[in-house]
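Visitor: My questions will all concern the structure given below.
There are 2 protein chains.
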Amino acid sequence: MEDARIARVLENLDGMGLGQMLVCDPTSIRYLTGYYTFPYERFLGLYLSRNAEPTLFANVLFPDATPCCDHVVTFADTDDPMRLVADVMDHDAPLGVDKDLAARWLLPLRDMQAAKGFQLASKAVDDARSIKDAHELDLMRAASATNDEAMGWLVDQLHVGVTEIEIAEGLVGEYRRLGAQDNSFTPIVSFGANPADPHHEPDGTKLRERDLVLFDVGCLRDSYCSDMTRTFFWGGEPSDHEREVYECVRRANEAAEAIVSPGVTFAEIDLTARHIIEDAGYGEYFTHRLGHQIGLQDHEPGDVSSTHDEPVRAGMCFSIEPGIYLPGEMGVRIEDLLIVREDGCEVMNSYPKDLTVLGA
Amino acid sequence: MEDARIARVLENLDGMGLGQMLVCDPTSIRYLTGYYTFPYERFLGLYLSRNAEPTLFANVLFPDATPCCDHVVTFADTDDPMRLVADVMDHDAPLGVDKDLAARWLLPLRDMQAAKGFQLASKAVDDARSIKDAHELDLMRAASATNDEAMGWLVDQLHVGVTEIEIAEGLVGEYRRLGAQDNSFTPIVSFGANPADPHHEPDGTKLRERDLVLFDVGCLRDSYCSDMTRTFFWGGEPSDHEREVYECVRRANEAAEAIVSPGVTFAEIDLTARHIIEDAGYGEYFTHRLGHQIGLQDHEPGDVSSTHDEPVRAGMCFSIEPGIYLPGEMGVRIEDLLIVREDGCEVMNSYPKDLTVLGA
Numbered sequence: 270m271e272d273a274r275i276a277r278v279l280e281n282l283d284g285m286g287l288g289q290m291l292v293c294d295p296t297s298i299r300y301l302t303g304y305y306t307f308p309y310e311r312f313l314g315l316y317l318s319r320n321a322e323p324t325l326f327a328n329v330l331f332p333d334a335t336p337c338c339d340h341v342v343t344f345a346d347t348d349d350p351m352r353l354v355a356d357v358m359d360h361d362a363p364l365g366v367d368k369d370l371a372a373r374w375l376l377p378l379r380d381m382q383a384a385k386g387f388q389l390a391s392k393a394v395d396d397a398r399s400i401k402d403a404h405e406l407d408l409m410r411a412a413s414a415t416n417d418e419a420m421g422w423l424v425d426q427l428h429v430g431v432t433e434i435e436i437a438e439g440l441v442g443e444y445r446r447l448g449a450q451d452n453s454f455t456p457i458v459s460f461g462a463n464p465a466d467p468h469h470e471p472d473g474t475k476l477r478e479r480d481l482v483l484f485d486v487g488c489l490r491d492s493y494c495s496d497m498t499r500t501f502f503w504g505g506e507p508s509d510h511e512r513e514v515y516e517c518v519r520r521a522n523e524a525a526e527a528i529v530s531p532g533v534t535f536a537e538i539d540l541t542a543r544h545i546i547e548d549a550g551y552g553e554y555f556t557h558r559l560g561h562q563i564g565l566q567d568h569e570p571g572d573v574s575s576t577h578d579e580p581v582r583a584g585m586c587f588s589i590e591p592g593i594y595l596p597g598e599m600g601v602r603i604e605d606l607l608i609v610r611e612d613g614c615e616v617m618n619s620y621p622k623d624l625t626v627l628g629a
Numbered sequence: 270m271e272d273a274r275i276a277r278v279l280e281n282l283d284g285m286g287l288g289q290m291l292v293c294d295p296t297s298i299r300y301l302t303g304y305y306t307f308p309y310e311r312f313l314g315l316y317l318s319r320n321a322e323p324t325l326f327a328n329v330l331f332p333d334a335t336p337c338c339d340h341v342v343t344f345a346d347t348d349d350p351m352r353l354v355a356d357v358m359d360h361d362a363p364l365g366v367d368k369d370l371a372a373r374w375l376l377p378l379r380d381m382q383a384a385k386g387f388q389l390a391s392k393a394v395d396d397a398r399s400i401k402d403a404h405e406l407d408l409m410r411a412a413s414a415t416n417d418e419a420m421g422w423l424v425d426q427l428h429v430g431v432t433e434i435e436i437a438e439g440l441v442g443e444y445r446r447l448g449a450q451d452n453s454f455t456p457i458v459s460f461g462a463n464p465a466d467p468h469h470e471p472d473g474t475k476l477r478e479r480d481l482v483l484f485d486v487g488c489l490r491d492s493y494c495s496d497m498t499r500t501f502f503w504g505g506e507p508s509d510h511e512r513e514v515y516e517c518v519r520r521a522n523e524a525a526e527a528i529v530s531p532g533v534t535f536a537e538i539d540l541t542a543r544h545i546i547e548d549a550g551y552g553e554y555f556t557h558r559l560g561h562q563i564g565l566q567d568h569e570p571g572d573v574s575s576t577h578d579e580p581v582r583a584g585m586c587f588s589i590e591p592g593i594y595l596p597g598e599m600g601v602r603i604e605d606l607l608i609v610r611e612d613g614c615e616v617m618n619s620y621p622k623d624l625t626v627l628g629a
């Protein structure tokens with residue numbers, strides 16, 4: 270059990286007027302207990318209370334949790350796990366609910382009147398997870414250093430005729446050679462006009478002369494994630510228009526990174542990048558938030574968006590990833606991860622962002 | 270849109286006293302509309318009503334749904350999708366809720382009083398999905414035929430010193446060579462005593478002389494899943510004890526398959542296998558349900574367990590997978606997929622189940 274982290278969550282819950290919570294996000298359970306399993310359609314939950322010891326509820330088919338948790342309640346497929354969970358709850362107090370708790374579990378708890386009301390409370394856990402400690406920051410740096418190295422490998426794979434999917438599927442092997450365990454998300458490899466779709470899935474598209482190339486990739490290393498995007502020109506100098514789009518995105522990326530410091534709001538960071546893109550006339554083609562927090566998961570709550578008015582705090586890690594997507598024509602995105610520090614910020618990725626022509 | 274399937278779901282809802290439902294399982298949405306995307310933390314939902322056209326709610330970042338759906342409401346990351354969903358609902362009628370709807374969406378709908386009560390209603394969709402039509406059954410057969418072929422490839426990979434993970438990671442390439450698209454779940458490859466953990470994750474364990482070998486694998490072919498388990502003896506004849514365990518599991522598998530016919534209950538099928546294992550003295554080592562339904566997903570609702578008293582119906586597909594797991598010592602599981610037919614059942618897997626010694 271990670272007692273200090275659990276204490277922080279209970280304190281956060283107290284600030285929300287809650288004395289008990291049911292956590293079910295498997296990654297949050299790992300963060301709080303050290304125990305990890307993915308439950309698929311079965312139930313896994315951690316009950317936290319200011320009046321009782323943390324209790325883990327796990328199907329007997331899951332790996333044994335007792336090395337991590339003192340109080341484990343197991344059940345079989347033929348049991349009703351919500352009956353067991355309800356048994357330990359304070360029925361006269363409201364329950365904080367994990368935002369991921371599925372209706373299949375929440376509605377039976379409501380029907381049993383297992384608590385006096387149900388209230389979203391993931392913020393209590395997410396807030397603790399978003400401020401990384403020194404050890405976590407070292408792991409974040411190591412994952413991003415591996416990603417910088419892997420970007421060099423990706424560039425080396427490019428040649429006319431290679432397909433997006435070939436490169437995307439080879440990446441996990443390179444990550445393993447570099448000491449990481451896996452991709453942190455399905456790699457995005459996009460050629461030609463495909464980068465115009467920000468979430469393009471790698472397919473059989475072949476690299477041709479004078480293509481744009483976009484890599485949005487990340488590894489999982491010692492349970493922590495990296496995530497970086499670079500866009501390249503292949504086989505010849507870009508047109509003036511392509512150069513203008515690229516440089517606009519690069520300036521947006523660098524300007525946003527430059528203002529990150531404790532107390533600046535997420536919205537201010539987003540708008541710094543967004544205004545640069547809007548002023549260049551491409552505002553409607555920057556269709557997503559500027560970034561997302563990251564850690565044990567590639568996307569963690571608390572996005573870098575124009576509507577998120579909270580200030581950033583030291584120890585937070587998030588992405589800065591402006592993009593311009595011109596449908597059917599081209600797309601450019603440039604993404605780094607950074608750590609907020611007391612004195613500003615530390616950009617974890619060092620792979621160059623200057624406009625680069627490859628294979629010419 | 271799959272109008273006939275939607276009509277079946279609305280009819281099922283009617284039988285539950287419901288006139289509207291919010292479906293959010295991406296696979297169910299594919300089944301009902303032909304549109305598929307995985308939304309991660311963003312919202313994707315299909316609103317069904319007996320009084321209104323089906324309406325899909327999708328983030329603008331998702332692939333365009335208009336080729337599949339006439340009524341699509343899109344929203345950006347900065348919008349509140351639940352406000353948009355609530356706008357189309359009948360606030361004076363109860364809402365059927367997908368069992369997978371996360372608390373982050375359900376609790377705001379409740380707070381907005383978007384409907385007059387919320388009730389689990391996935392059974393209306395799951396019931397439609399569980400009865401496969403002729404085209405779906407052909408796709409199920411094709412996926413299992415590919416899996417039979419792949420089992421031969423797996424056996425060919427065995428040699429002393431090969432690791433579980435090497436074989437597990439190579440399997441997807443073989444599936445693609447055979448015309449499938451992907452694994453339908455993370456392959457289980459277990460050597461030695463590892464099969465004693467029914468959900469063992471393949472690792473660096475090397476094959477040694479006189480090991481047990483268990484393969485539990487499946488492919489995704491044209492959106493439908495296969496799933497089969499075979500257990501082999503490597504490098505020498507099994508002991509009498511090993512042979513007894515193997516034959517007990519094989520008899521349990523075959524006896525359960527032999528009684529499947531419309532009208533027999535899932536519980537009767539489970540108990541047929543379970544009693545054989547109990548009578549041999551291994552009851553406590555058969556720790557899971559006998560099987561699960563399968564189709565667009567590897568695990569679909571309606572399990573083959575001792576507490577599921579509903580009768581099976583023609584067109585259903587499910588697994589029969591008894592196992593005996595002796596901790597630290599050995600494990601055997603034998604699994605086939607079958608289709609319930611009007612006149613009995615059709616076992617889709619034809620890979621032999623006779624006790625087989627390899628590499629000797």
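From first to last, the protein sequence lines stand for chains A and B. If you read the first sequence in our numbering, its first letter stands for residue 270, the second for the next number, and so on. If you read the second sequence in our numbering, its first letter stands for residue 270, the second for the next number, and so on. For glycine and all other residues, C-beta sits at the position ideal for the given N, C-alpha and C.
1. Under the three-state reduction of DSSP, which class applies to phenylalanine 387(B): helix, strand or coil?
2. Taking the alpha-carbon positions, what's the alanine 273(B) to valine 394(B) distance?
3. Using the rule of at least 16 other Cβ atoms within 10 Å of the residue's Cβ for burial, across every protein chain shown, is valine 529(B) buried or exposed?
4. Across which residues does DSSP place asparagine 630(A) in a beta bridge pair?
5. For glutamate 322(A), which of helix, strand or coil comes out of DSSP?
6. Please specify which runs of the beta strand (DSSP E), each continuous and at least 3 residues long, are wholly inside the stretch 329-382 of chain B, giving them in chain order.
7. What residues of chain A sit near glutamate 310(B), judged by a beta carbon separation below 7 Å?
8. In chain B, which residues lie with their C-beta within 8 Å of the C-beta of phenylalanine 387(A)?
9. Roughly how many angstroms separate the alpha carbons of asparagine 320(B) and methionine 290(B), rounded to a whole number?
10. Can you name the residues of chain A whose CB is closer than 7 Å to the CB of arginine 558(B)?
11. Taking only runs of the alpha helix (DSSP H) that begin and end inside the stretch 455-540 of chain A, which ones reach a length of at least 4 residues, in chain order?
12. With H, G and I counted as helix, E and B as strand and the rest as coil, what does DSSP make of histidine 428(B)?
13. Would you call arginine 490(A) buried or exposed, if buried means 16 or more other Cβ atoms sit within 10 Å of its Cβ?
14. Can you grab the Cα-Cα spacing for the pair glutamine 643(B) / aspartate 578(B), in whole Å?
15. Can you tell me whether tyrosine 594(B) is buried or exposed? The criterion is at least 16 other CB atoms within 10 Å of its CB, across all chains shown.
16. Of all Cβ atoms in chain B, is any one closer than 9 Å to the Cβ of aspartate 472(A)?
17. For valine 514(B), which residues from the same chain have a beta carbon less than 8 Å from its beta carbon, with the 5 sequence-adjacent residues on both sides left out?
18. Round the Cβ separation of serine 575(A) and aspartate 539(A) to the nearest angstrom and send it over; I've been treating them as touching at under 8 Å.
19. Could you compute how far the alpha carbon of glutamate 322(B) sits from the alpha carbon of alanine 403(A)?
20. Which residue comes first and which comes last in the alpha helix (DSSP H) that contains glutamate 433(A)?
21. Can you list, in chain order, the residues of the stretch 572-586 of chain B whose Cβ is nearer than 8 Å to any Cβ on chain A?
22. Can you find a CB in chain B that lies within less than 9 Å of the CB of proline 467(A)?
23. Between the alpha carbons of alanine 390(A) and aspartate 348(A), how many angstroms are there, rounded?
24. Straight-line CA distance for proline 630(A) to phenylalanine 484(A)?
25. What does a CB cutoff of less than 6 Å around serine 459(A) pick up in its chain, not counting 5 residues either side in sequence?
26. Apply the 10 Å Cβ neighbour rule to lysine 475(B) and answer buried if 16 or more other Cβ atoms are within range, or exposed otherwise.
27. Step through the CB atoms of chain A and report whether any lies within less than 9 Å of the CB of lysine 368(B).
28. Could you tell me the distance, in whole angstroms, from the CA atom of leucine 447(A) to the CA atom of phenylalanine 502(B)?
29. Report the neighbours of leucine 330(A) on chain B: residues whose CB is nearer than 9 Å to its CB, in chain order.
30. Answer with buried or exposed for glutamine 562(B), where buried requires no fewer than 16 other C-beta atoms within 10 angstroms of its C-beta.
31. Between leucine 423(B) and serine 495(B), which are expected to be in contact by the criterion C-beta below 8 Å, what is the C-beta distance as a whole number of angstroms?
32. Once the 5 residues before and after isoleucine 545(A) are set aside, which same chain residues still bring their CB inside 7 Å of it?
33. State yes or no: is the beta carbon of serine 399(A) nearer than 9 Å to at least one beta carbon in chain B?
34. Any idea if glycine 430(B) is buried or exposed, counting beta-carbon neighbours within 10 angstroms, 16 or more meaning buried?
35. In terms of alpha-carbon separation, which member of Glu590(B), Ala536(B) and Phe535(B) lies closest to phenylalanine 555(B)?
36. If we count the other Cβ atoms within 10 Å of its Cβ and call it buried at 16 or more, is threonine 306(B) buried or exposed?
Guide: By the coordinates alone:
1. Translated into the one-based positions of the second sequence, residue 387(B) becomes position 118. Of the three classes helix, strand and coil, the one that applies to phenylalanine 387(B) here is strand, per DSSP.
2. Here residue 273(B) corresponds to residue number 4 of the second sequence, with the count starting at 1. Here residue 394(B) corresponds to residue number 125 of the second sequence, with the count starting at 1. So the two alpha carbons sit approximately 12 Å from each other.
3. The count along the second sequence starts at 1 and reaches residue 529(B) at position 260. Valine 529(B) should be labelled buried.
4. Since the first residue of chain A shown is 270 and the last is 629, residue 630(A) is not available in this structure.
5. Along the first sequence, one-based indexing puts residue 322(A) at 53. In the structure shown, the three-state DSSP call for glutamate 322(A) is strand.
6. With a minimum length of 3 residues, the continuous beta strand (DSSP E) runs that stay inside the stretch 329-382 of chain B are 341-344 and 364-366.
7. The sequence position of residue 310(B) within the second sequence is 41, counting from 1. The answer, in chain order, is His568.
8. Residue mapping note: residue 387(A) aligns to position 118 of the first sequence, counting from 1. The contacting residues are Ala372 and Leu376.
9. As a position in the second sequence, residue 320(B) is number 51, starting the count at 1. As a position in the second sequence, residue 290(B) is number 21, starting the count at 1. One C-alpha to the other measures close to 11 Å.
10. Start at 1 with the first residue of the second sequence, and residue 558(B) comes out as number 289. Here the neighbours are Asp346.
11. Runs found: 509-528.
12. The residue you call residue 428(B) lines up with position 159 of the second sequence. Three-state DSSP puts histidine 428(B) in coil, outside helix and strand.
13. As a first step, residue 490(A) is located in the first sequence; it is residue number 221 there, counting from the start. Counting Cβ neighbours within 10 Å, arginine 490(A) comes out buried, since at least 16 surround it.
14. This structure cannot settle anything about residue 643(B), because the visible part of chain B is limited to 270 through 629.
15. The residue labelled residue 594(B) in the question sits at position 325 within the second sequence. Buried is the call here.
16. The residue you call residue 472(A) lines up with position 203 of the first sequence. Cβ-Cβ to chain B under 9 Å: no for aspartate 472(A).
17. As a first step, residue 514(B) must be located in the second sequence, where it is residue number 245. Cβ neighbours of valine 514(B) beyond the five flanking positions: Tyr551, Ile593, Leu595, Met599 and Val601.
18. Counting from one through the first sequence, the residue named residue 575(A) turns up at place 306. Counting from one through the first sequence, the residue named residue 539(A) turns up at place 270. Indeed they touch by this definition, with Cβ atoms about 5 Å apart.
19. In the second sequence, residue 322(B) corresponds to position 53, counting from 1. In the first sequence, residue 403(A) corresponds to position 134, counting from 1. Counting only the Cα atoms, alanine 403(A) lies some 54 Å from glutamate 322(B).
20. For the purposes of this step, residue 433(A) is identified with residue 164 of the first sequence, where counting begins at 1. Bounds of the alpha helix (DSSP H) holding glutamate 433(A) are 433-446.
21. Hits within the stretch, in order: Asp572, Ser574, Ser575 and Thr576.
22. Translated into positions along the first sequence, residue 467(A) becomes position 198. Answer yes: the Cβ-Cβ gap between proline 467(A) and chain B drops below 9 Å somewhere.
23. On the first sequence, position 121 is the one that residue 390(A) refers to. On the first sequence, position 79 is the one that residue 348(A) refers to. The straight-line gap from Cα to Cα measures roughly 27 Å.
24. The question about residue 630(A) has no answer, for chain A in this structure spans 270 to 629.
25. Position 190 of the first sequence holds residue 459(A). In the same chain as serine 459(A), and ignoring 5 residues on each side of it, the C-beta atoms closer than 6 Å to its own belong to His469 and Leu483, in chain order.
26. Counted from its first residue, the second sequence places residue 475(B) at position 206. That one is exposed.
27. In the second sequence, the residue the question calls residue 368(B) occupies position 99. Among the residues facing chain A, lysine 368(B) is included, as its CB has a counterpart in that chain under 9 Å away.
28. By 1-based counting over the first sequence, the position of residue 447(A) is 178. By 1-based counting over the second sequence, the position of residue 502(B) is 233. Counting only the Cα atoms, phenylalanine 502(B) lies some 36 Å from leucine 447(A).
29. For the purposes of this step, residue 330(A) is taken as residue 61 along the first sequence, with counting starting at 1. By Cβ distance, chain B contributes Pro467, His468, Thr556 and His557.
30. If you number the second sequence from 1, residue 562(B) lands on position 293. The residue in question, glutamine 562(B), is buried, as its Cβ has 16 or more Cβ neighbours within 10 Å.
31. Working through the second sequence from its first residue, we reach residue 423(B) at position 154. Working through the second sequence from its first residue, we reach residue 495(B) at position 226. The pair is not a contact, with the Cβ atoms about 13 Å apart (cut-off 8 Å).
32. Reading the first sequence from its first residue, position 276 is the one you call residue 545(A). If we look at isoleucine 545(A) and ignore the five residues flanking it on each side, its Cβ neighbours are Cys517, Arg520, Ala521 and Ala524.
33. On the first sequence, residue 399(A) is found 130 positions in, with the first residue counted as 1. It does not: the Cβ of serine 399(A) has no partner Cβ on chain B nearer than 9 Å.
34. Within the second sequence, the letter at position 161 stands for residue 430(B). It counts as exposed.
35. As a working note, residue 555(B) is residue 286 in the second sequence. Comparing C-alpha distances from phenylalanine 555(B) to each of Glu590(B), Ala536(B) and Phe535(B) shows the shortest one belongs to Glu590(B).
36. Numbered from its first residue, the second sequence carries residue 306(B) at position 37. The residue in question, threonine 306(B), is buried, as its Cβ has 16 or more Cβ neighbours within 10 Å.
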